[in-house]
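J.: Numbered continuously in this note's numbering, the sequence shown closes out at residue 181. Each residue gets a CB set at the ideal place from its N, CA and C atoms; glycine is no exception.
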Amino acid sequence: MGFYTIFVSLVGFFCQYVIPIGLKELGWRFYIIGVVWDIFVAIVIYFTYVETKGLTLEQIDKRFHGVPVEQVDVIDAYDGGRPIAERELGKPVSEVTSTVYIKT
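#1: Give the range of the alpha helix (DSSP H) segment to which residue 145 is assigned.
#2: If you draw a straight line from the alpha carbon of residue 111 to that of residue 118, how long is it in whole angstroms?
#3: What's the C-alpha gap between residue 86 and residue 105?
#4: Thinking residue 149 and residue 139 are a contact (beta carbons under 8 Å), I'd like their distance in whole angstroms, please.
#5: Express the C-alpha separation of residue 101 and residue 134 in angstroms, rounding to a whole number.
#6: Do you know how far the Cα of residue 114 is from the Cα of residue 120?
#7: Over the uninterrupted alpha helix (DSSP H) stretch that includes residue 114, give me the two end residues.
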């Protein structure tokens with residue numbers, strides 16, 4: 078928490094005092110610094126954030142508790158296809174044989 082407070086204070090100082098000086102001295106070229114920073118942050122997000130696309134809330138909870146995506150059981154989610162039979166609940170996806178229905 079202390080590092081967060083220091084970081085927020087430094088960013089506030091930068092925004093309040095450094096940006097106006099940079100804009101005055103460098104003009105439009107100062108925006109290049111912002112673009113480089115945004116690209117850096119995008120790269121960090123791409124490689125460090127957990128992928129949650131297509132997962133249910135329960136599966137996302139498992140992912141945030143360190144369960145690898147290969148071990149998150151997709152049978153827990155209902156995708157609108159055929160109903161999940163009682164005998165299939167709790168089984169790994171590889172053990173469940175299913176027929177694919179195409180919605181028209």
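T.: According to the data block:
#1: What you label residue 145 is simply residue 68 of the sequence shown in a count that begins at 1. Counting along the chain, residue 145 falls outside any alpha helix (DSSP H), and DSSP gives it neither H nor E.
#2: Position 34 of the sequence shown holds residue 111. Position 41 of the sequence shown holds residue 118. Taking the straight line from one Cα to the other gives about 11 Å.
#3: What you label residue 86 is simply residue 9 of the sequence shown in a count that begins at 1. What you label residue 105 is simply residue 28 of the sequence shown in a count that begins at 1. Straight through space, the alpha carbons of residue 105 and residue 86 are spaced by roughly 26 Å.
#4: For the purposes of this step, residue 149 is taken as residue 72 along the sequence shown, with counting starting at 1. For the purposes of this step, residue 139 is taken as residue 62 along the sequence shown, with counting starting at 1. Rounded, the Cβ-Cβ distance is 5 Å, consistent with contact.
#5: Locating residue 134 in the sequence shown gives position 57, counting from the first residue. Locating residue 101 in the sequence shown gives position 24, counting from the first residue. Spanning the two alpha carbons is a distance of roughly 48 Å.
#6: Stepping through the sequence shown from its first residue, residue 120 is reached at position 43. Stepping through the sequence shown from its first residue, residue 114 is reached at position 37. Near 10 Å, if we compare the C-alpha coordinates of residue 114 and residue 120.
#7: Locating residue 114 in the sequence shown gives position 37, where the first residue counts as 1. First-last of the alpha helix (DSSP H) with residue 114: 108-125.
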